[in-house]
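Presented below is the structure to which this report refers.
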Amino acid sequence: MLSSKHEKVMEIAKRRGFIWPAFELYGGVAGFYDFGPLGTLLKEKIIQKWREYFVIREGFFEIDSPSITPEEVLKASGHVDHFVDAMTECKKCGAAFKVTDLVKEKTGRSVEGKSKEEMESLIKEHEIRCPECGGELGEIYDFNAMFETTVGAGKKKIAYLRPETAQGMFIDFKRLQRYARGRLPFGVAQIGKGYRNEISPRRGVIRLREFTMAEIEIFFDPENPTHPEFREVASEKLRLLLATDQERGTEKFTEATAEDALRENIVCSQLMVYNMARAKLFLTSLGIPEEAIRFREQTPGERAHYSSETWDVEVWTEGFGWVEVAGLAYRTDYDLSRHAKFSKEDLTMFVQDEGGAGKKILCHVVEPSYGIDRLLYCVLEHSLSEENGRPLLRLKKELAPVQVGVFPLLKRDGLPEKAREVLKKLRSEKFITEYDDSGSIGRRYARADEIGVPYCVTIDHRTLQDETVTIRDRDTKDQIRVKIGNLPRVLQELLENRVEFQQAGELVLPKSKAESTERR
RNA sequence: GCGGCCGUGGUCCAGCCUGGUUAAGACCCGAGCUUCCCGAGCUCGUGACGCGGGUUCGAAUCCCGCCGGCCGCACCA
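Start counting the first sequence at 4; every next residue gets the next number (the working numbering).
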């Protein structure tokens with residue numbers, strides 16, 4: 004039986020065409036999922052919203068760079084060294100460990116970058132055994148979390164599928180800063196696939212081997228880590244989980260406004276905290292409730308090799324607990340300095356001060372990075388509710404994959420033909436519509452509710468006489484009657500929240516509602 | 001990767017232990033009738049034993065391997 008929320012979400016996602024296991028015909032491969040027709044539309048709309056919030060609203064530059072990345076780029080970025088972990092397994096209990104962690108723990112010595120032989124002799128020398136069961140440790144092997152490939156034939160060039168889209172933005176830095184005409188700060192955005200060869204992916208779409216990320220790199224002068232519009236978010240309340248509190252083992256939240264978090268040095272810069280507030284606003288615009296959002300500071304041990312401060316943006320889910328849907332990393336000048344060194348190019352920028360004098364600086368970077376697939380799951384879970392025992396997906400109207408359902412009340416008397424006319428008209432006005440004439444009208448409303456269609460248009464006998472149709476509201480079940488001629492305009496206004504439903508046309512009560520009103 | 005549990009139409013499941021009719025049921029889906037504004041009813045219909053091997057006269061059922069799922073451990077830069 005379907006008991007948990009997560010199972011209910013996944014059941015609908017599968018049955019109605021949001022999310023499907025990939026390569027299912029051949030048994031499937033863990034960590035890969037397809038988006039079905041509705042999932043593809045929903046994902047597209049989440050991305051559209053993200054563009055509105057970041058690319059358009061913040062004036063960032065969006066680019067699109069290749070997934071396949073030559074080895075030298077990822078050597079410079081540190082990923083080749085940090086993604087390839089020397090692993091060893093206990094021969095007795097089978098537990099797997101990172102050799103670098105084991106040796107450091109037992110000897111305090113760092114063996115980062117040492118050869119396999121050196122590591123092995125260190126293990127022997129210090130008689131390091133399995134920390135779990137004390138068993139003997141097996142041979143050291145490399146685990147490469149990047150997918151490797153080669154470019155071209157003959158003398159093959161090693162390349163990897165990018166583990167993050169970020170590098171494409173650092174690589175293009177020289178052209179980008181010219182495009183920005185030397186002004187700081189500027190932001191660059193990229194939406195695309197990232198790839199990580201997870202050892203054991205689980206939890207459905209939460210941990211994938213191929214996933215869609217939406218990343219931003221904000222380049223700024225480290226002496227001026229401010230945002231011109233900080234005032235706009237200064238009083239935004241943030242729920243913060245500090246690294247120091249986590250290390251003490253408490254789950255204590257610190258509630259602070261963006262302004263206070265900055266003043267009390269909880270967050271390192273105005274630019275960081277500005278983006279945290281923006282992240283919160285973005286998530287709530289997707290329908291994630293405020294109380295299901297928190298910011299968790301990564302502990303020093305958790306942080307990526309490039310970061311000096313990272314805040315995870317987490318969303319509470321019933322299925323998986325707190326899920327990281329975005330990370331805000333202060334990457335310092337790590338990437339630019341590494342690429343400058345490895346490419347031998349000058350990646351500094353000339354900035355002028357007020358007096359007209361100038362200096363060359365190496366930009367620092369704040370990186371907000373969003374996981375679109377995880378967001379999509381969170382949106383589904385937080386939208387799914389039940390009404391009279393049947394599922395109702397209360398998606399934000401702007402996110403609904405299908406905007407309008409078009410139903411003939413009956414399958415005869417010319418109603419289907421009329422309904423198809425209306426359908427055609429709405430499609431020509433670019434509404435995403437679905438036609439349904441199968442089963443009773445109630446059944447069709449129920450089908451539409453399950454995928455979150457905000458409005459259903461029904462064509463009945465009266466339509467044939469006076470060219471009016473009913474529009475039914477998903478959340479209230481209220482109905483109004485409007486002229487077909489006005490239908491596109493009215494629907495558009497409704498979808499954009501520019502008019503109250505009951506004011507958008509003549510209110511009509513369906514039988515069930517009329518009766519219950521009379522009884523009262 | 002280790003251990004435990006599991007895998008049957010689109011979904012949820014019975015059958016498996018104890019091998020042997022045409023693999024049952026519910027929901028969904030499709031067609032028809034009927035009703036007509038909130039999963040009504042009736043009739044009909046499509047559709048399944050994860051993959052591969054083995055044992056056997058005969059495998060959904062027993063055995064082995066693989067793939068996938070869930071849980072715990074590890075991993076998640």
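Note that beta-carbon positions come from the ideal geometry of N, C-alpha and C, so glycine has one too.
Looking at C-alpha atoms only, which residue of the options is the closest neighbour of residue i?
| i | options | result |
| --- | --- | --- |
| R210 | Y36, A422 and L490 | Y36 |
| I375 | R54, E14, P24 and E235 | R54 |
| S443 | I454, E432, G455 and T461 | T461 |
| T152 | H308, K127, N200 and T43 | N200 |
| F323 | G207, K158, V511 and R186 | G207 |
| Q468 | P73, A237 and I487 | I487 |
| V456 | D476, K158, D440 and N489 | D476 |
| A162 | H82, V328 and D452 | H82 |
| L45 | F63, P394 and K400 | K400 |
| P73 | Y448, K255, P166 and T247 | P166 |
| E327 | S346, Y29 and R299 | R299 |
| L41 | I454, D336, K11 and T257 | I454 |
| E470 | T229, N489 and I269 | N489 |
| R234 | L339, T43, E305 and V276 | V276 |
Would you kindly report the start and end of the unbroken beta strand (DSSP E) that includes residue i?
| i | result |
| --- | --- |
| E220 | E213 to F223 |
| L245 | Premise fails: L245 is in no beta strand (DSSP E) and is neither H nor E. |
| C459 | Y458 to I462 |
| A156 | No beta strand (DSSP E) contains A156, which DSSP labels as neither H nor E. |
| R334 | G324 to T335 |
Taking the C-alpha atoms as reference points, what is the distance between residue i and residue j?
| i | j | result |
| --- | --- | --- |
| V409 | S7 | 33 angstroms |
| G417 | R446 | 21 angstroms |
| A25 | L402 | 24 angstroms |
| E582 | Y380 | This structure leaves residue 582 out entirely; the chain is present only between 4 and 523. |
| A360 | M172 | 29 angstroms |
| V316 | A148 | 24 angstroms |
| I3 | P188 | Outside the shown range of the chain, which is 4 to 523, sits residue 3, and nothing can be said about it. |
| R522 | W319 | Here R522 scores only 36 on pLDDT, less than 50, and its place in the model is too uncertain to base an answer on. |
| L378 | Q355 | 41 angstroms |
| Y56 | G252 | 35 angstroms |
| L244 | K177 | 37 angstroms |
| R423 | Y438 | 8 angstroms |
| K363 | L350 | 10 angstroms |
| H129 | M90 | 17 angstroms |
| Q170 | R184 | 21 angstroms |
| A343 | P69 | 20 angstroms |
| R465 | L274 | 59 angstroms |
| V472 | G62 | 42 angstroms |
| Y309 | E390 | 48 angstroms |
| L365 | T287 | 35 angstroms |
| P394 | D84 | 48 angstroms |
| I49 | R132 | 48 angstroms |
| M352 | E218 | 22 angstroms |
Is it right to say residue i is buried, meaning 16 or more other beta carbons lie within 10 angstroms of its own, or is it exposed?
| i | result |
| --- | --- |
| R266 | exposed |
| Q506 | exposed |
| F38 | buried |
| K414 | exposed |
| D463 | buried |
| Q51 | exposed |
| V80 | Sequence check: residue 80 is Ser here, not Val. Classification for S80: buried. |
| A156 | exposed |
| L510 | exposed |
| I202 | exposed |
| R19 | buried |
| E312 | buried |
| T520 | Low per-residue confidence applies at T520: pLDDT is 42, beneath 50, and the placement is therefore not dependable, though the value from the model is reported in the following sentence. Exposed, because fewer than 16 other Cβ atoms sit within 10 Å of the Cβ of T520. |
| V382 | buried |
Excluding five sequence neighbours on each side, which residues of the same chain lie with their C-beta closer than 7 angstroms to the C-beta of residue i?
| i | result |
| --- | --- |
| N278 | L331, V369 and P371 |
| G508 | I474, I483, R484, V485 and V493 |
| E250 | T302 |
| G197 | R165, P166, E167, T168, F214 and M216 |
Looking at the secondary structure, which residues open and close the alpha helix (DSSP H) in which residue i lies?
| i | result |
| --- | --- |
| M279 | Q273 to S288 |
| E437 | Counting along the chain, E437 falls outside any alpha helix (DSSP H), though it belongs to the beta strand (DSSP E) covering T436 to Y438. |
| I375 | I375 to S386 |
| M13 | K8 to R19 |
| R393 | That residue, R393, is in no alpha helix (DSSP H); its beta strand (DSSP E) goes R393 to L396. |
Leaving out five residues before and five after residue i in sequence, what residues of the same chain have Cβ atoms less than 6 angstroms from its Cβ?
| i | result |
| --- | --- |
| E518 | Low local confidence applies: a pLDDT of 47 at E518 is under 50, so the model's placement there is unreliable, and no value is given. |
| E65 | V58 and A192 |
| A16 | I22 |
| A33 | P204 |
| F434 | Q406 and V407 |
Starting from the C-beta of residue i, find all residues in its chain whose C-beta is less than 8 angstroms away, skip the five residues before and the five after it, and write them out in chain order.
| i | result |
| --- | --- |
| T436 | V405, Q406, V407, G408, V409, L426, L429 and R430 |
| E239 | T260, A261, A280, K283 and L284 |
| P292 | H385 |
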